[in-house]
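Chains as they are written, first to last, in the numbering used here: chain A, 54 to 262; chain B, 112 to 435.
Just so it is clear, CB atoms sit at the ideal spot from N, CA and C, and this is done for glycine as well.
Treat the numbers as computed from the prediction; the structure is a model and nothing was measured.
Accompanying notes for the structure given below.
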Amino acid sequence: MPTIDATRGPDGTVAVTPDGTTSTGYSDAGTALPDPLTTLALSGDPGAELAALAVQSGEAEDAVAQEARDTEVAIEVREDARQVDAMHKKAGDIRTAGIWEGVGMAVEGVAGVLAVIPASNRVADAVKLGGKAANGGAIIASTFYKATEADDDALADAAKSASDLAKGAADDLGDARKSAGDLISAALDFYREYTSAQAAANTAALHRA
Amino acid sequence: MTFVAPARAAPAAAVAPAGAPAGNVTLVPEGAPLTSGGIDDALGVLYMAMAQQRDITVADGQARVKSAEREQQKELADQQAALARAQANEASQGRGFFSSIGHLFSDVARDAAHGDLSKAANDIASDVHEALNSPAFWSDLEKGALFVAKVAAVVGSAVITAASFGAGAGTIALAALALSVSGEVVSDTRCFGSASQYIGLGLELAGAAGGFVAGATATVMTVAARTTLDIGVGISAVGGGAEVVAGGAHVVNAGFAANVENATADAQEAVNRGAELERTIDWVIDDVKASDKMYQEQAQTLEGAIQAHDHSTAAAAASISVKG
Numbered sequence: 054m055p056t057i058d059a060t061r062g063p064d065g066t067v068a069v070t071p072d073g074t075t076s077t078g079y080s081d082a083g084t085a086l087p088d089p090l091t092t093l094a095l096s097g098d099p100g101a102e103l104a105a106l107a108v109q110s111g112e113a114e115d116a117v118a119q120e121a122r123d124t125e126v127a128i129e130v131r132e133d134a135r136q137v138d139a140m141h142k143k144a145g146d147i148r149t150a151g152i153w154e155g156v157g158m159a160v161e162g163v164a165g166v167l168a169v170i171p172a173s174n175r176v177a178d179a180v181k182l183g184g185k186a187a188n189g190g191a192i193i194a195s196t197f198y199k200a201t202e203a204d205d206d207a208l209a210d211a212a213k214s215a216s217d218l219a220k221g222a223a224d225d226l227g228d229a230r231k232s233a234g235d236l237i238s239a240a241l242d243f244y245r246e247y248t249s250a251q252a253a254a255n256t257a258a259l260h261r262a
Numbered sequence: 112m113t114f115v116a117p118a119r120a121a122p123a124a125a126v127a128p129a130g131a132p133a134g135n136v137t138l139v140p141e142g143a144p145l146t147s148g149g150i151d152d153a154l155g156v157l158y159m160a161m162a163q164q165r166d167i168t169v170a171d172g173q174a175r176v177k178s179a180e181r182e183q184q185k186e187l188a189d190q191q192a193a194l195a196r197a198q199a200n201e202a203s204q205g206r207g208f209f210s211s212i213g214h215l216f217s218d219v220a221r222d223a224a225h226g227d228l229s230k231a232a233n234d235i236a237s238d239v240h241e242a243l244n245s246p247a248f249w250s251d252l253e254k255g256a257l258f259v260a261k262v263a264a265v266v267g268s269a270v271i272t273a274a275s276f277g278a279g280a281g282t283i284a285l286a287a288l289a290l291s292v293s294g295e296v297v298s299d300t301r302c303f304g305s306a307s308q309y310i311g312l313g314l315e316l317a318g319a320a321g322g323f324v325a326g327a328t329a330t331v332m333t334v335a336a337r338t339t340l341d342i343g344v345g346i347s348a349v350g351g352g353a354e355v356v357a358g359g360a361h362v363v364n365a366g367f368a369a370n371v372e373n374a375t376a377d378a379q380e381a382v383n384r385g386a387e388l389e390r391t392i393d394w395v396i397d398d399v400k401a402s403d404k405m406y407q408e409q410a411q412t413l414e415g416a417i418q419a420h421d422h423s424t425a426a427a428a429a430s431i432s433v434k435g
């Protein structure tokens, strides 16, 4: 009955990790002996080997799904940060566009006030015209920042979409982890039934002998 | 059936903890407890270790959930603070221009009636501070100043045009006035859609250029025309002053609008973080559930193994005694 690798010691050093899986191979620095799953897989008992392989497969599937989910979560976090950055940049563009527009208006206004000073109408009109032209230039400059605001909005929307996609993928990978868990459960169920049947057969054989 | 064997069969750790001296490391368990206690003891201890591991997993999950919940509460508070900040910077928030002035006069009048001049000074300072930090005040100031500036520009131009008739450049001045007014109307009504701003600006520039040409071509003016012209220029100067005020208020209002956007971004950041934490909590709970289920199944499998071993041992013993 190849159930437990007793050589591992009964002191709690069995390869059961906090996430409910068992460790594989010889990776633990202080473990010189193979873990129970490996022992089971090499035991020569076909039922045990099948169960061990199924458990290992489930563990591998779970590890892959976990890693992929972590990647998707990282993408989601990154895209969320990009969305927020774009919104902050838009705030900066709103402020800059407002400054250009305000300064343009102020310059035109100052020109309107200064136009009172010259005795010559020609000079006064020239000052006014200069003020208008300055305001026009400022409006054109502010238009650049308003266009950038639109770009920021588009960037934020794109980042939000990418974040939603990553979130959906992460949720799907959560389902994949559940599938991996189901596979391990099925393997354990199988092994439980297998050992029961085998024990019954052994008992019958002993009685017969 | 032999069940959980306590620590009797559990010798010191077979695996040395990290950093322990190599000389003290025992890589395999001592043989004596296993051989003397039998395999059932090993299975029992394994069962117990699994139960302990299960408790640790649940406790770890609980700690992670509690930590995430605490962080989630903080993010919620941040979100509410950011939304409050966004609302406080909206153009409609705070006292408007006339309301602020009315409030200021009301406070000063009340304090003066009570003869409390120091309180009046304090009220003036606080009311001015409140007004300067009120988005509605600056919004009203910009709108009012722009209105004054436009009216003054139109009226000033009309008066200058009237004066120019006396100087022989009336037709050009009238055309310039028409262009300027058209520019203002187009800018205000936005009748050309998004291009209205540029069309309006172009018309105003053409009007200003026309005024310049009219001034340049004007011949000698009469005293009355000269006086009228000065009045027109004075009105235009008032309009210029109002435009300066409107420009300054526009800069301040843009600052408030940027603050709203920044606060909205902060709120969005808190929302995103809160959603991530909420999902983390869901996943931790799912993981603990799945892990617990697996422990149960592993325990059942182990129980089966113990029972099967006991049956086999009993059957073997019975067989030996029958044969013997």
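Compute the Euclidean distance between the alpha carbons of residue i and residue j, then round it to the nearest angstrom.
i                      : j                      : result
residue 75 of chain A  : residue 91 of chain A  : Note that residue 75 of chain A has pLDDT 41, beneath the 50 cutoff, so the model's placement of it is unreliable and the number below is only indicative. Near 10 Å, if we compare the C-alpha coordinates of residue 91 of chain A and residue 75 of chain A.
residue 377 of chain B : residue 205 of chain A : 16 Å
residue 149 of chain A : residue 157 of chain A : 12 Å
residue 145 of chain B : residue 417 of chain B : With a pLDDT of 39 at residue 145 of chain B, under the threshold of 50, the predicted position of this residue should be treated as unreliable, though the coordinate-derived value follows. Approximately 15 Å, taken between the alpha carbons.
residue 421 of chain B : residue 225 of chain A : 44 Å
residue 302 of chain A : residue 362 of chain B : Summary: the structure shown does not reach residue 302 of chain A, with chain A confined to residues 54 through 262, and so no result is reported for it.
residue 216 of chain A : residue 238 of chain B : 46 Å
residue 415 of chain B : residue 191 of chain B : 55 Å
residue 396 of chain B : residue 223 of chain A : 16 Å
residue 318 of chain B : residue 214 of chain B : 42 Å
residue 290 of chain B : residue 252 of chain B : 27 Å
residue 424 of chain B : residue 166 of chain B : 32 Å
residue 369 of chain B : residue 255 of chain B : 22 Å
residue 211 of chain A : residue 230 of chain B : 55 Å
residue 177 of chain A : residue 202 of chain A : 37 Å
residue 365 of chain B : residue 209 of chain A : 21 Å
residue 234 of chain B : residue 223 of chain B : 11 Å
residue 345 of chain B : residue 225 of chain B : 42 Å
residue 246 of chain A : residue 181 of chain B : 45 Å
residue 410 of chain B : residue 261 of chain A : 31 Å
residue 249 of chain A : residue 256 of chain A : 11 Å
residue 266 of chain B : residue 308 of chain B : 22 Å
residue 207 of chain B : residue 247 of chain B : 5 Å
residue 173 of chain A : residue 199 of chain B : 49 Å
residue 40 of chain A  : residue 100 of chain A : Given that chain A is displayed from residue 54 to residue 262, the structure contains no residue 40 of chain A and the question cannot be resolved.
Kindly indicate which residue of the options has the alpha-carbon position closest to the one of residue i.
i                      : options                    : result
residue 171 of chain B : B/410, B/398, B/409, B/428 : B/398
residue 169 of chain B : B/256, B/414, B/405, B/421 : B/405
residue 214 of chain A : A/147, A/101, A/133        : A/133
residue 274 of chain B : B/343, B/215, B/312        : B/343
residue 164 of chain B : B/254, B/402, B/270        : B/402
residue 242 of chain B : B/223, B/194, B/227, B/216 : B/216
residue 161 of chain A : A/141, A/189, A/121        : A/189
residue 94 of chain B  : B/250, B/219, B/196, B/249 : Nothing can be reported for residue 94 of chain B: it is not among the residues displayed for chain B, which extend from 112 to 435.
residue 176 of chain B : B/389, B/161, B/353        : B/389
residue 152 of chain A : B/194, B/358, B/189        : B/358
residue 122 of chain A : A/101, A/231, A/96, A/108  : A/231
residue 129 of chain A : B/353, B/380, B/174, B/354 : B/380
residue 201 of chain B : B/240, B/249, B/211        : B/249
residue 170 of chain A : B/355, B/341, B/427        : B/341
residue 146 of chain A : A/182, A/198, A/138        : A/198
residue 211 of chain B : B/240, B/260, B/161, B/408 : B/240
residue 12 of chain A  : A/98, A/184, A/137, A/117  : In this structure chain A extends from 54 to 262, so residue 12 of chain A is not present and cannot be described.
residue 394 of chain B : A/243, A/244, A/229, A/254 : A/229
residue 271 of chain B : B/354, B/193, B/162, B/286 : B/286
residue 391 of chain B : B/320, B/173, B/269, B/429 : B/173
Compute every distance between the C-beta of residue i and the non-hydrogen atoms of the ligand FMN, then say whether any falls below 7 Å.
i                      : result
residue 261 of chain B : Questions concerning the ligand FMN fall outside what the structure shown contains, since it holds no ligand whatsoever.
Just to check my reading of the structure: residue i and residue j have Cβ atoms closer than 8 Å, yes? What is that Cβ distance to the nearest angstrom?
i                      : j                      : result
residue 347 of chain B : residue 168 of chain A : 7 Å
residue 245 of chain B : residue 205 of chain B : 3 Å
residue 350 of chain B : residue 264 of chain B : 4 Å
residue 164 of chain A : residue 180 of chain A : 5 Å
residue 412 of chain B : residue 241 of chain A : 5 Å
residue 196 of chain B : residue 374 of chain B : 4 Å
residue 419 of chain B : residue 252 of chain A : 3 Å
residue 372 of chain B : residue 140 of chain A : 6 Å
residue 219 of chain A : residue 120 of chain A : Contact flag wrong, Cβ pair sits at about 14 Å.
residue 186 of chain A : residue 316 of chain B : 7 Å
residue 303 of chain B : residue 297 of chain B : 6 Å
Using beta carbons (cut-off 8 Å, strictly below), is residue i in contact with chain C?
i                      : result
residue 315 of chain B : The structure shown contains no chain C; the protein chains it does contain are A and B.
Stretch-stretch touch, CB-based, cutoff 8 Å, three pairs: the stretch 235-254 of chain A with the stretch 100-113 of chain A:
The stretch 235-254 of chain A vs the stretch 100-113 of chain A: in contact.
Touch check for the stretch 178-193 of chain A and the stretch 308-317 of chain B: three-plus C-beta pairs under 8 Å?
Flag = yes, the stretch 178-193 of chain A and the stretch 308-317 of chain B touch.
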